[in-house]
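S.K.: In this note's numbering, the protein residues as written are 14 to 630. Cβ atoms here follow ideal geometry from the backbone N, Cα and C, with glycine treated the same way. Provided herewith is a single structure, encoded as structure tokens, for subsequent inquiry.
Here you go:
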């Protein structure tokens with residue numbers, strides 16, 4: 014555990030005393046302040062995907078390289094450090110040699126080589142630039158000063174501006190998205206938050222061994238815990254390392270903060286089964302290819318009145334009896350204002366919550382089904398849309414439950430007259446060199462640029478295998494029906510909502526993107542988006558042609574989507590692309606979890622079987 018604590022402390026971006034969470038602020042009264050927008054996914058890498066945040070101590074100052082440092086009569090950084098006896102001439106020479114090869118900043122290299130600590134570097138830079146030095150471990154800046162920090166600096170150094178409120182911060186939830194995209198974790202007291210930021214927080218490895226019933230399906234008390242990894246043996250611990258850039262104050266939970274975490278073994282090694290880590294790695298691969306991933310969420314769900322939570326002891330279990338519910342509206346009147354008004358009280362509650370969380374909510378809509386809703390969000394980049402999805406789903410379910418409602422992101426609830434819900438993922442690539450949308454076509458009559466066409470070609474080619482990630486539940490495959498505004502085969506078309514891939518936009522339209530209509534709302538967003546990038550990037554690299562766009566999506570001869578989770582798992586076994594991208598261990602792990610889920614389903618006697626056979630035979 015000591016090694017893990019060292020690792021967490023070394024990687025955490027907040028200074029050792031967790032500034033600006035100074036003791037006075039933690040005693041009291043914190044919420045996100047106005048000022049630099051520090052959102053999910055901020056880190057050293059361009060995508061916000063460079064692993065856990067950077068070292069503790071004084072923030073690494075900007076501008077220490079010869080290319081970026083303003084001219085100064087006080088001399089060059091290296092000369093000043095040697096003159097102050099902080100480094101030797103040989104250490105400077107070694108760092109300069111490495112700088113020419115790596116392109117890193119001189120000060121960063123000297124710290125990495127152990128020739129200098131960050132405080133010494135900061136003091137020397139302050140002298141070089143003729144500026145005072147502020148050590149945020151020992152002082153808490155004023156809110157107005159934090160508001161003046163440029164956003165790029167705040168993101169680079171994980172600066173979280175806070176301000177005092179009437180009620181203090183009492184606890185902070187440290188959560189991670191598990192293999193199913195469900196949030197799990199612990200609450201720590203505000204007093205212990207600096208310790209958790211430095212050292213991380215331990216949770217059991219068995220959380221990674223559970224299927225959707227929350228049963229532990231791996232033999233965790235055998236060598237390797239069923240995973241073939243020594244660290245997974247004996248139901249030992251993994252470490253939650255908080256990502257401070259995701260900090261929120263939860264508007265529905267009094268005096269409660271929240272942060273997403275990444276998973277590490279006590280040795281400091283990343284846990285390979287962390288789906289947020291998997292997505293980060295894919296984003297980095299995409300960045301190396303020259304693009305950023307841009308995604309917008311369009312999510313359907315049901316919000317129902319909670320009549321009976323089924324909390325009698327005999328109703329508990331793995332899983333428990335589902336709650337009894339009633340409708341908030343009759344449905345069957347798509348987008349009518351009268352139905353909207355019936356749902357307005359709960360919509361207003363959720364709108365205020367999501368806006369307070371800083372999520373980029375665009376619209377709340379009444380869908381066709383009774384009490385069925387749709388939420389849409391502005392496009393986000395990199396980690397942000399996936400982080401937003403896990404927080405959105407969790408927030409909606411928790412807020413609804415506190416106010417006497419039940420929200421479900423299950424695809425097709427077994428209730429009379431209810432329809433399927435989907436999760437449509439709007440996506441494009443942004444050129445990292447120019448900042449432009451890489452899907453925008455320039456030739457008249459083209460739907461997409463060559464990059465966009467090949468991306469679609471990859472999505473279609475791997476649609477069957479990717480279904481395990483886009484539609485990970487047995488229930489989700491009940492949605493793939495013809496003439497239902499849901500796809501049943503791998504097709505694409507211009508603004509066609511029966512096709513799997515719908516192209517929106519066209520020549521010279523900067524908003525051109527593709528909408529994948531295949532997903533279910535219960536999907537793990539990190540795996541859903543990672544699979545999209547992996548398949549699309551394969552299409553680009555191999556110049557896969559998607560063929561002509563369809564005008565008859567339910568009649569076109571095309572590869573059918575899997576009819577069941579069993580079919581999808583079989584397709585994933587045969588598709589080598591995801592093994593290459595995620596690794597054999599990750600794919601085998603996810604398949605094992607799904608096979609346990611399938612086995613439990615096949616072992617159940619369903620209502621259909623009873624009706625079909627009980628009387629006639």
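In chain order, what residues of the same chain lie with their CB nearer than 6 Å to the CB of residue 270, ignoring the 5 residues before and after it?
M.R.: Here residue 270 has 182, 185 and 262 as same chain residues with Cβ atoms under 6 Å from its own Cβ, once five neighbours each way along the sequence are excluded.
S.K.: Is it true that the segment 441–457 meets the segment 295–310, where meeting means three or more beta-carbon pairs spaced less than 8 Å apart?
M.R.: yes
S.K.: What three-state label does DSSP hand residue 189 in the structure shown?
M.R.: strand
S.K.: DSSP beta-bridge partners for residue 441?
M.R.: 307
S.K.: Where do the ends of the beta strand (DSSP E) carrying residue 537 lie?
M.R.: First-last for residue 537: undefined, no H or E at that position.
S.K.: Under the rule that 16 or more other beta-carbon atoms within 10 Å means buried, what is residue 393, buried or exposed?
M.R.: Label assigned to residue 393: buried.
S.K.: For residue 346, name the three-state secondary structure that DSSP assigns.
M.R.: In this structure, residue 346 counts as coil in the three-state DSSP scheme.
S.K.: As an exercise, report each continuous beta strand (DSSP E) stretch of at least 3 residues that is fully enclosed by the segment 239–308, in chain order.
M.R.: Within the segment 239–308, the complete beta strand (DSSP E) runs of at least 3 residues are 250–255 and 269–277.
S.K.: Could you compute how far the alpha carbon of residue 482 sits from the alpha carbon of residue 128?
M.R.: 46 Å
S.K.: Just list the residues that DSSP pairs residue 573 with in beta bridges.
M.R.: The bridge partners DSSP lists for residue 573 are 502.
S.K.: Going along the chain, which residues of its own chain have a beta-carbon closer than 6 Å to the beta-carbon of residue 264, five neighbours each way excluded?
M.R.: 366 and 369
S.K.: Does the distance from the CB of residue 475 to the CB of residue 590 come in under 8 Å?
M.R.: yes
S.K.: Would residue 454 count as contacting chain D if we go by Cβ distances under 8 Å?
M.R.: Of the protein chains in this structure there is only one, and it is not chain D.
S.K.: Taking the C-alpha atoms as reference points, what is the distance between residue 218 and residue 239?
M.R.: 11 Å
S.K.: DSSP three-state label for residue 413, please.
M.R.: helix
S.K.: Secondary structure at residue 212, three-state DSSP: helix, strand or coil?
M.R.: helix
S.K.: How many whole angstroms separate the CB atoms of residue 226 and residue 317, which I take to be in contact at a CB cut-off of 8 Å?
M.R.: Wrong, their Cβ atoms sit about 22 Å apart, outside the cutoff.
S.K.: Which whole-angstrom value describes the C-beta separation of residue 526 and residue 630, a residue pair presumed to lie in contact below a C-beta threshold of 8 Å?
M.R.: Actually they are not in contact, since the Cβ atoms of residue 526 and residue 630 sit about 53 Å apart, beyond 8 Å.
S.K.: What are the boundary residues of the alpha helix (DSSP H) that residue 119 is part of?
M.R.: 119–125
S.K.: Could you give the DSSP three-state label for residue 162: helix, strand or coil?
M.R.: Look at residue 162 here: in three-state DSSP terms it is coil, with no helix or strand label.
S.K.: Counting only the same chain and skipping the five closest in sequence on each side, list residues whose C-beta sits under 7 Å from that of residue 86.
M.R.: For residue 86, the predicted structure reports a pLDDT of 45, less than 50, and the residue's modelled location is therefore unreliable. The matter cannot be settled from this model.
S.K.: Rounded to the nearest angstrom, what separates residue 356 and residue 377 at their Cα positions?
M.R.: 10 Å
S.K.: Would you kindly check if the distance between the Cβ of residue 340 and the Cβ of residue 417 is under 8 Å?
M.R.: no
S.K.: Measure how close the beta-carbons of residue 506 and residue 564 come, nearest whole angstrom, since I'm counting them as under 8 Å.
M.R.: 7 Å
S.K.: Check whether the segment 344–363 touches the segment 272–280, counting contact only when three or more Cβ pairs, one atom from each stretch, lie closer than 8 Å.
M.R.: no
S.K.: Check each candidate in 386, 520, 375 and 334 and name the one with the smallest Cα separation from residue 347.
M.R.: 386
S.K.: Going by C-alpha distance, which of 210, 578, 554 and 544 is nearest residue 485?
M.R.: Distances from the alpha-carbon of residue 485 to those of 210, 578, 554 and 544 put 578 closest.
S.K.: Return the CA-CA distance between residue 166 and residue 449, expressed in angstroms with no decimal places.
M.R.: 23 Å
S.K.: Exposed or buried, which one is residue 496 when buried takes at least 16 other CB atoms within 10 Å?
M.R.: exposed
S.K.: For the segment 129–142 and the segment 90–110, state whether three or more C-beta atom pairs, one from each stretch, are separated by less than 8 Å.
M.R.: yes
S.K.: Where does the unbroken alpha helix (DSSP H) through residue 593 begin, and where does it stop?
M.R.: 589–595
S.K.: In the DSSP assignment, the alpha helix (DSSP H) including residue 468 goes from what residue to what residue?
M.R.: 463–474
S.K.: Straight-line CA distance for residue 716 to residue 230?
M.R.: Lying outside 14 to 630, the shown extent of the chain, residue 716 is not represented and no answer is given.
S.K.: Rounded to whole angstroms, how far is the Cβ of residue 159 from the Cβ of residue 192, which I believe are closer than 8 Å?
M.R.: The Cβ separation is near 37 Å, so there is no contact.
S.K.: Assuming residue 112 is part of the alpha helix (DSSP H), what are its boundary residues?
M.R.: 102–115
S.K.: Determine the burial state of residue 618: buried for a count of at least 16 other Cβ atoms within 10 Å of its Cβ, exposed for fewer.
M.R.: exposed
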